[in-house]
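Numbering (my numbering), first residue to last: 1 to 71. For each residue, glycine too, the CB sits at the ideal point set by N, CA and C. Just so we're clear, the structure is a prediction, and the values are computed from it rather than from any experiment. Comments concern the structure below.
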């Protein structure tokens, strides 16, 4: 199952830093790109089945650290 989420940031540098950091997280079929604008980052990945998936929590924590929030 594929999951997609978009985050919004106050500044473009924050969004860029999130984009580059999130690209290196370990997830199946991970895709990270700009969303609606260069203040938004869209992330999609395949959810792990058969075990607890922590990817969304990792993304939320990273976004929060960089001043972003889920759209």
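With 16 or more other Cβ atoms inside 10 Å of its own Cβ, residue 68 counts as buried.
The C-beta separation of residue 34 from residue 19 comes to about 7 Å, placing the pair in contact by the 8 Å criterion. If you compare the alpha carbons of 52, 32 and 63 with that of residue 44, the shortest gap goes to 32. Residue pairing from DSSP places residue 69 in a beta bridge opposite 8. In the three-state scheme derived from DSSP, where H, G and I count as helix and E and B as strand, residue 20 is classed as helix.
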